[in-house]
Structure formats: structure tokens, C-alpha cells
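S.K.: What follows is a single structure, and I will ask about it in a moment.
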Amino acid sequence: MDMLFPSFGYLVWIIISSIILLVIAAAVLLLIRKLFFPSKGAKTALILPVQGKTPRFGNNCFFAPNATIAGDVVTGNECTFWFNSVVRGDVNFIKLGNRVNVQDGAIIHCTYQKSPTVIGSNVSIGHNAIVHGCTVHDNVLIGMGAIVMDRCIIHSNTIIAAGAVVTEDTVVEAGAIYAGIPARKVKELGDSYMKDSILRIADNYVQYASWFQQ
Numbered sequence: 042m043d044m045l046f047p048s049f050g051y052l053v054w055i056i057i058s059s060i061i062l063l064v065i066a067a068a069v070l071l072l073i074r075k076l077f078f079p080s081k082g083a084k085t086a087l088i089l090p091v092q093g094k095t096p097r098f099g100n101n102c103f104f105a106p107n108a109t110i111a112g113d114v115v116t117g118n119e120c121t122f123w124f125n126s127v128v129r130g131d132v133n134f135i136k137l138g139n140r141v142n143v144q145d146g147a148i149i150h151c152t153y154q155k156s157p158t159v160i161g162s163n164v165s166i167g168h169n170a171i172v173h174g175c176t177v178h179d180n181v182l183i184g185m186g187a188i189v190m191d192r193c194i195i196h197s198n199t200i201i202a203a204g205a206v207v208t209e210d211t212v213v214e215a216g217a218i219y220a221g222i223p224a225r226k227v228k229e230l231g232d233s234y235m236k237d238s239i240l241r242i243a244d245n246y247v248q249y250a251s252w253f254q255q
């Protein structure tokens with residue numbers, strides 16, 4: 042009779058052993074999934090609605106895994122948002138044209154009830170640059186670490202040099218390089234320079250994005 046009806050302790054041991062085996066199997070499966078089948082969420086940017094407004098994107102845009110785009114943001118086609126970049130349309134709207142690249146660590150923001158940010162086409166926002174509550178026209182390169190403040194107007198075919206600070210209400214002439222703190226015009230830009238630098242970088246970033254999508 043004892044062989045037909047195992048003791049209570051033996052049954053408890055079987056149950057506990059079964060639970061331990063299930064936990065180990067689940068942990069192994071989870072590890073295999075993380076190593077060989079990473080979740081889609083790990084490959085996507087953080088795109089957040091704010092007060093009922095969700096970012097809207099054109100065709101063929103690229104988002105690095107830890108880019109953040111939030112709120113009232115509208116973009117054109119072939120825009121690229123790189124690692125640690127932030128585009129935050131929470132307190133006002135942000136509008137981007139076609140082929141805008143927001144490079145690693147760059148920030149685009151605006152000012153509550155005062156200054157939206159409007160950026161044209163073929164614009165490069167360099168690594169760690171800040172573009173805040175201003176207007177940037179077509180074919181502009183904003184260099185690494187540069188800061189463009191509220192109510193500035195950056196006209197077309199212009200370069201803002203690395204580390205420059207364009208102070209509030211500054212109007213930047215078309216076809217020039219601005220540098221320094223505060224930023225001042227230092228050089229005129231010819232058409233060939235504009236094509237070789239500004240448009241080349243805008244084109245390159247579309248190409249770079251394609252490498253991450255293969």
C-alpha cells in the first residue's frame with residue numbers, strides 16, 4: 042500500500058523539483074531570446090504622445106534605438122534621428138522639412154506659448170548641438186556643439202560653426218559662415234562650397250541611415 046500511495050513529503054519534493062526545473066527552463070529560454078531574437082522594442086526609438094499630439098513622420102525616416110521624439114513634431118521625408126538625440130515638441134510645435142539629420146546628442150526644443158521651432162530641408166544638426174525656438178531655412182549646417190537660441194532666423198545656404206552661440210533674435214544672413222560667442226559673420230560662402238559641404242552632409246546622412254536598415 043505504501044508503494045501505491047507515496048508519502049506527503051515525497052509529493053512535496055516532486056512538486057518543488059518540478060517548479061525549479063520550470064524556472065530554470067524559463068530562464069534559459071529568456072536568455073536565448075535576448076541573445077538571438079531581440080525584441081522589436083529594443084530596436085526602436087522612444088516616440089511619445091504629449092497632450093494628445095503624437096509625432097508624425099514622412100517617408101523613409103530613420104530612428105536610432107535611443108532617439109527620443111515627443112509631442113507636436115511633424116517631419117518631411119528621409120529625416121534621420123541619431124543616437125541620444127532629442128526632439129521635444131511638448132510646449133510648442135516643431136516642424137522639419139525633408140532630409141534633416143539630427144545627429145548624436147543633438148536637441149531640438151521650443152519655448153512655451155512663444156517660440157516654435159521650424160527647420161527647412163537639407164539641414165544638418167551636428168553632434169550635441171542645441172536648436173531652440175528658432176527658424177532655420179533650407180540648406181543649413183549647424184556645427185557640433187553649436188547653440189541657436191530663441192527667435193533666431195538662420196537663412197539658407199549658411200554654416201553655423203562648431204561651438205558657436207547664436208544669441209536670441211539674431212538674423213543670420215544667407216550664404217555665410219557664422220562663428221564665435223556670440224556668433225558673428227566670418228566668411229561668405231560660394232555655391233561650390235555650399236554644394237560640397239552642406240548638401241553633401243545632408244546626402245551622406247541619408248546614406249548612413251540605409252546602412253542601419255539593411
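Count the sequence shown with the numbering used here and you get residues 42 to 255, in order.
Glycine is no exception: its CB is placed at the ideal position from the N, C-alpha and C atoms.
#1: Counting pairs of beta carbons, one from the region 83-99 and one from the region 111-118, are three or more of them closer than 8 angstroms?
#2: Beta-carbon within less than 6 angstroms of I222's beta-carbon, same chain only, minus the 5 sequence neighbours each way: which residues are those?
#3: Grouping DSSP H, G and I as helix and E and B as strand, with all else coil, what is D113?
#4: Measuring CB to CB, does H173 end up less than 8 angstroms from M185?
#5: Which residue or residues does DSSP assign as beta-bridge partners of H196?
#6: How long is the line joining the alpha carbons of D145 and V64, rounded to whole angstroms?
#7: Measuring only the C-alpha atoms, how far is V159 from I188?
#8: For A220, which of helix, strand or coil comes out of DSSP?
#9: Taking all protein chains shown into account, do 16 or more other C-beta atoms lie within 10 angstroms of the C-beta of V69, making it buried, or fewer, making it exposed?
#10: Is the separation between the beta-carbon of C102 and that of G130 shorter than 8 angstroms?
#11: Quick check: the Cα distance between P79 and W123, rounded to an integer number of angstroms?
M.R.: According to the structure shown:
#1: Because the criterion of three Cβ pairs below 8 angstroms is met, the region 83-99 and the region 111-118 touch.
#2: Numbered from 1 along the sequence shown, position 181 holds the residue referred to as residue 222. Here the set comprises V206.
#3: As a working mapping, residue 113 is identified with position 72 in the sequence shown. The answer is strand: DSSP assigns D113 an E or B state.
#4: Numbered from 1 along the sequence shown, position 132 holds the residue referred to as residue 173. Numbered from 1 along the sequence shown, position 144 holds the residue referred to as residue 185. No, they are not a contact pair.
#5: Along the sequence shown, one-based indexing puts residue 196 at 155. Paired residues: none, contrary to the question.
#6: Taking the sequence shown and counting its residues from 1, one reaches residue 145 at position 104. Taking the sequence shown and counting its residues from 1, one reaches residue 64 at position 23. Approximately 40 angstroms, taken between the alpha carbons.
#7: As a first step, residue 159 must be located in the sequence shown, where it is residue number 118. As a first step, residue 188 must be located in the sequence shown, where it is residue number 147. Their backbone Cα atoms lie some 15 angstroms apart in a straight line.
#8: The count along the sequence shown starts at 1 and reaches residue 220 at position 179. In this structure, A220 counts as strand in the three-state DSSP scheme.
#9: On the sequence shown, residue 69 is found 28 positions in, with the first residue counted as 1. V69 should be labelled exposed.
#10: Here the question's residue 102 lines up with position 61 in the sequence shown. Here the question's residue 130 lines up with position 89 in the sequence shown. Against a cut-off of 8 angstroms, the Cβ pair of G130 and C102 comes out as no contact.
#11: Position 38 of the sequence shown, counting from 1, holds the residue named residue 79. Position 82 of the sequence shown, counting from 1, holds the residue named residue 123. Caution applies to P79, whose pLDDT of 44 falls short of 50 and renders its modelled position unreliable; the value that the coordinates give is listed next. Near 20 angstroms, if we compare the C-alpha coordinates of W123 and P79.
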